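One structure below.
Protein chains: 2
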Amino acid sequence: MATSIKIALDAMGGDIGPEAVLPAAELVAKNTTDIHFLLYGDEAKILPILAKNRKLRAVSTVIHTEKFIGNDEKPSTALRNGKGSSMRLAIEAVRDGKADAVVSAGNTGALMAIAKIVLKTVPGIHRPAIASIFPGLKGQTIMLDLGANVLVDAENLAQFAVLGAVFAKAQKKIAVPSVGLLNVGTEDTKGPDHVKGAANILANVDFPGHYKGFVEGTDIMTGEVDVIVSDGYAGNIALKSIEGAGKMIATSFKNSLSSDPLALIGGLLSAFALKRFKNKVDPRLYNGGVFLGLNGICVKSHGGSDALGISSAIRLACNLAREGYIQTISEDIGHLMTQETLLAEGAYRD
Amino acid sequence: MATSIKIALDAMGGDIGPEAVLPAAELVAKNTTDIHFLLYGDEAKILPILAKNRKLRAVSTVIHTEKFIGNDEKPSTALRNGKGSSMRLAIEAVRDGKADAVVSAGNTGALMAIAKIVLKTVPGIHRPAIASIFPGLKGQTIMLDLGANVLVDAENLAQFAVLGAVFAKAQKKIAVPSVGLLNVGTEDTKGPDHVKGAANILANVDFPGHYKGFVEGTDIMTGEVDVIVSDGYAGNIALKSIEGAGKMIATSFKNSLSSDPLALIGGLLSAFALKRFKNKVDPRLYNGGVFLGLNGICVKSHGGSDALGISSAIRLACNLAREGYIQTISEDIGHLMTQETLLAEGAYRD
């Protein structure tokens with residue numbers, strides 16, 4: 000048990016709650032041998048579900064608390080009143096070295112606010128961001144921010160570019176990741192001021208990536224750039240738009256096949272190929288947002304995810320814990336911030 | 000010819016230019032009998048292409064101009080220097096009654112700026128918006144703004160809700176369309192101030208729709224609401240993200256089938272169903288953004304569209320011209336603005 004990965008799980012988080020979170024952990028426990036879960040939440044709700052999920056029961060410890068943070072709660076309220084809540088206790092487990100990573104499907108704003116206070120940001124970072132991995136035709140793209148920071152300024156976006164580039168270096172094993180800024184067009188004159196300002200910074204500083212200019216929503220799933228940087232408002236809407244489009248397409252496709260017997264036979268013959276296809280594009284398999292810029296691994300699952308979706312977020316946390324990504328990122332960023340005078344005031348205020 | 004629909008086409012617009020715009024018009028001319036095109040642009044470029052598109056040649060008039068508006072041009076420059084350009088001449092044809100609608104795949108900002116000056120906005124409307132129709136599982140959703148207004152305030156968004164609702168009434172033949180505001184979550188506390196401000200207005204005024212609250216990116220293609228309102232920044236990024244996801248899924252699917260002989264046979268057996276499916280979700284078939292709030296029909300095609308995509312925009316313009324949508328909208332909005340004291344200052348400043 001000494002070398003196993005320990006995941007602190009906010010069992011009460013998400014739109015569905017323990018009925019999705021615990022079966023998600025069961026899915027992971029079923030084919031992972033070296034894992035232990037710390038389940039934070041209401042025993043009265045957790046234990047009956049745990050009784051039906053035997054693999055999970057064998058590898059988990061329940062830490063009881065009746066307190067949890069609601070989806071409607073403001074981050075400021077969650078910060079003030081959230082002590083002893085399932086979310087906060089799970090985050091504190093990472094700070095205290097009891098867990099290697101925390102996973103929650105709860106209130107994004109509250110999770111970010113509490114994680115920032117408890118885990119603290121890497122020196123020099125103004126705001127942590129949420130990053131996720133998108134499947135693309137030519138390879139994976141890491142996109143951030145996906146909803147942690149609705150309003151940001153140009154300097155925040157430039158910092159996100161650094162966070163994303165360092166993550167991409169580790170995740171994609173490449174020396175100089177290409178970085179694009181999400182905008183409404185690729186022309187210099189387009190877009191809101193904070194995006195144009197970030198372009199000005201990134202074109203004029205050294206950072207651990209190669210700045211490729213503005214990219215559009217159409218570029219998110221091509222894999223043309225390794226990192227796409229956005230504020231959390233546009234990033235969150237892009238992420239969820241893609242998720243919705245995927246669901247719509249999957250349902251329409253199923254309906255087209257089942258409406259025609261010949262097509263149904265064809266569909267069955269294609270079943271293996273279809274499964275490969277589905278595995279490539281099912282958004283639930285790419286669920287999981289990493290908070291970058293904190294001293295610890297904190298992974299956010301979509302609030303509306305089912306067990307399969309949340310299990311992807313847990314798997315992402317396990318991988319990050321195994322690979323030591325966050326430690327590397329923290330060191331690299333701290334190093335960059337102090338040594339390379341990245342985002343030098345002169346460059347930005349010109 | 001007296002009752003035919005006359006479309007003024009900016010032949011030079013878009014990333015590809017006349018090589019995409021003219022074949023698009025040919026596609027429409029091939030199965031539309033009562034149409035006439037006014038083609039604005041450089042004869043030296045248009046005539047050789049026209050020679051290869053015989054149906055179009057038979058139903059079009061070329062109006063020569065060497066001037067065109069570049070994709071990088073700022074709207075202000077395009078306004079100052081764009082007189083006599085293909086885009087401006089095409090818009091003026093609508094103002095002067097020579098055409099029933101104008102279609103351009105050119106610079107969105109320039110098109111909006113010139114259309115506003117030439118066609119003028121409906122009294123009471125601060126800013127026109129671009130709307131498009133999205134296919135959804137339960138029905139079509141009209142979304143606006145898709146890129147005309149990067150930065151808006153709460154009152155602009157509330158006006159977009161009115162424009163969208165009136166369009167939906169005409170397009171979907173329903174009495175009271177449901178309207179949602181695009182945001183990063185459905186909770187009241189989430190999102191940027193202009194979105195929260197618009198929610199406050201819409202919840203407190205009478206308008207020709209039923210306000211349903213915040214919706215997320217995932218709701219764009221469900222068809223759950225008839226109208227989704229957004230600023231042009233998030234709306235444009237959502238639109239293009241969906242387009243990119245659709246392309247990625249289509250390519251992955253094709254690759255999955257062709258990688259496996261059994262799957263390929265299956266795919267062929269399913270061909271008819273697949274075609275129906277493709278017809279339902281191909282984003283090119285839903286290409287075409289209508290400028291709402293102007294005294295005339297102006298349809299914008301995506302700049303990157305191919306001939307099939309631009310042909311959808313032309314078809315949308317034809318339909319709108321036939322149905323007289325814009326006239327109805329103009330009248331309804333003018334009526335609303337003056338008579339119902341919609342967006343009364345009291346309601347907004349409370």
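Chains as they are written, first to last, in numbering that gives the first Met the number 0: chain A, 0 to 349; chain B, 0 to 349. Just so you know, even glycine gets a beta-carbon here, dropped at the ideal spot from N, CA and C. Remember, it's a predicted structure, so these values are computed and weren't measured experimentally.
Given residue i as reference, the closest of the options once Cα atoms are compared
i             : options                       : result
residue 206/B : 177/B, 89/B and 183/B         : 177/B
residue 123/A : 154/A, 136/A and 117/A        : 154/A
residue 82/B  : 220/B, 95/B, 96/B and 64/B    : 64/B
residue 303/B : 48/B, 160/B, 220/B and 104/B  : 104/B
residue 80/B  : 95/B, 59/B, 56/B and 113/B    : 113/B
residue 72/B  : 250/A, 187/A and 228/A        : 187/A
residue 115/A : 136/A, 307/A, 91/A and 51/A   : 91/A
residue 70/B  : 185/B, 172/B and 13/B         : 13/B
residue 245/A : 142/B, 174/B, 175/B and 134/B : 134/B
residue 250/B : 251/A, 51/A, 174/A and 136/A  : 136/A
residue 399/B : 130/B, 230/B, 223/B and 214/B : In the structure as shown, chain B begins at 0 and stops at 349. Residue 399/B is therefore absent and cannot be evaluated.
residue 230/B : 96/B, 174/B, 224/B and 195/B  : 195/B
Partner residues on chain B for residue i, Cβ-Cβ distance less than 7 Å
i             : result
residue 219/A : 240 and 243
Residues near residue i by beta carbon distance below 8 Å, same chain, minus five either side
i             : result
residue 119/A : 293 and 294
residue 317/B : 4, 6, 27, 31, 34 and 100
residue 322/A : 169
residue 58/B  : 28, 34, 35 and 36
residue 42/A  : 61 and 63
residue 160/B : 178, 180, 197, 201, 206, 208, 210, 226 and 228
Neighbourhood of residue i by C-beta, 6 Å cutoff - its chain only, sequence neighbours within 5 removed
i             : result
residue 108/A : 74
residue 5/B   : 35, 98 and 99
residue 350/A : In this structure chain A extends from 0 to 349, so residue 350/A is not present and cannot be described.
residue 139/A : 132
residue 48/A  : 17 and 21
residue 312/A : 102, 286, 287, 298 and 300
residue 289/B : 130 and 298
CB contact flag (residue i, residue j, <8 Å)
i             : j             : result
residue 218/A : residue 243/B : yes
residue 183/A : residue 285/B : no
residue 62/A  : residue 38/A  : yes
residue 148/A : residue 126/A : yes
residue 167/A : residue 226/A : yes
residue 151/B : residue 297/B : no
residue 110/A : residue 291/A : no
residue 216/B : residue 237/A : yes
residue 367/B : residue 221/A : A query on residue 367/B cannot be resolved here, the shown segment of chain B reaching from 0 to 349 and no further.
residue 309/A : residue 89/A  : no
residue 44/B  : residue 25/B  : no
residue 179/B : residue 212/B : yes
residue 257/A : residue 240/B : no
residue 319/B : residue 283/B : no
Residues that residue i contacts on chain B, provided the C-beta gap is smaller than 8 Å
i             : result
residue 181/A : 236
residue 71/A  : 186, 187 and 188
residue 352/A : Here chain A has residues from 0 to 349 only, and residue 352/A is not among them.
residue 135/A : 247
residue 250/A : 136
Residues that residue i contacts on chain E, provided the C-beta gap is smaller than 8 Å
i             : result
residue 149/B : You won't find chain E in this structure, because its protein chains are A and B.
Contacts that residue i makes with chain A (C-beta to C-beta distance below 7 Å)
i             : result
residue 232/B : 183, 191 and 233
residue 146/B : 183
Proximal residues to residue i (C-beta, below 7 Å), its chain only, five neighbours per side dropped
i             : result
residue 77/B  : 68, 106, 109, 112 and 113
residue 157/A : 197, 200, 201 and 342
residue 235/A : 145 and 146
residue 314/A : 27
residue 346/A : With a pLDDT of only 44 at residue 346/A, under the threshold of 50, the placement of this residue in the model should not be trusted; the figure read from the coordinates follows. The answer, listed in chain order, is 200, 203 and 204.
residue 8/B   : 20, 24, 36, 37, 38, 39, 89 and 102
residue 141/B : 130, 132, 163, 166, 167, 170, 225 and 226
Chain A contact residues for residue i, given Cβ-Cβ distances below 8 Å
i           : result
residue 4/B : Under the 8 Å cutoff, chain A gives no residues; its nearest Cβ is about 30 Å from residue 4/B.
Closer than 9 Å at the beta carbon, the chain B residues around residue i
i            : result
residue 32/A : Result: empty, since nearest Cβ-Cβ is about 31 Å, beyond 9 Å.
**OP:** Return the chain-ordered ranges of every alpha helix (DSSP H) run that is complete within the segment 124 to 181 of chain A and spans a minimum of 4 residues.
**Re:** 153 to 171
Subject >> Ranges of the beta strand (DSSP E) found wholly within the segment 194 to 238 of chain B, counting only runs of at least 3 >> reply: 209 to 214 and 226 to 228
Subject >> In chain order, each alpha helix (DSSP H) run of at least 4 residues that lies wholly inside the segment 68 to 121 of chain A >> reply: 74 to 80, 85 to 94 and 107 to 118
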